[in-house]
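Below you'll find the structure, written out as structure tokens, and then a few comments.
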Amino acid sequence: QVQVTESGGGLVQPGGSLRLSCAASGSRFSIDVMGWYRQAPGKERELVATITSGGITNYANSMKGRFTISRDNAKNTVYLQMNSLKPEDTAVYYCKAVRLTIPVGVYWGQGTPVTVSS
């Protein structure tokens, strides 16, 4: 069973930066796609960014230019560098790991909270 563990959340002032990390462990199989999603209070979970094992990235429009996703395939780890943070970025950030080939699977972490406030 794959375990997905996020870290790096916390409180940051507007305009500040945070770097989130997420590791997928417990499987000898590689992860095809890893990504970050977020859910603000009272809102639905939304896409932040995804990255394939080949390095192809996809960002939500509102995050382009401020957030950067990267990964270490050898460690099945994904990172999210968040710059120029705004109060509206406040949310719980969730990591998702996906295997598209057998054994297929979709795995979520428990989330790490990010609060942007002065």
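By my numbering, the letter at position 92 of the sequence shown is numbered 82, and the numbering carries on one by one without gaps.
Even glycine gets a Cβ: it sits at the ideal position worked out from N, Cα and C.
- Residue pairing of F57 in beta bridges, as defined by DSSP: M72.
- Residue burial is scored here from C-beta neighbours: I46 has fewer than 16 other C-beta atoms within 10 angstroms and is therefore classed as exposed.
- Taking 7 Å as the cut-off, the Cβ atoms of V38 and A30 do not count as close.
- Rounded to the nearest whole angstrom, the C-alpha separation of E34 and V104 is 16 Å.
- With at least 16 other beta carbons inside 10 angstroms of its own, T102 counts as buried.
- Of the residues N66, T42, P77, S52, the one whose Cα lies closest to the Cα of V(-8) is N66.
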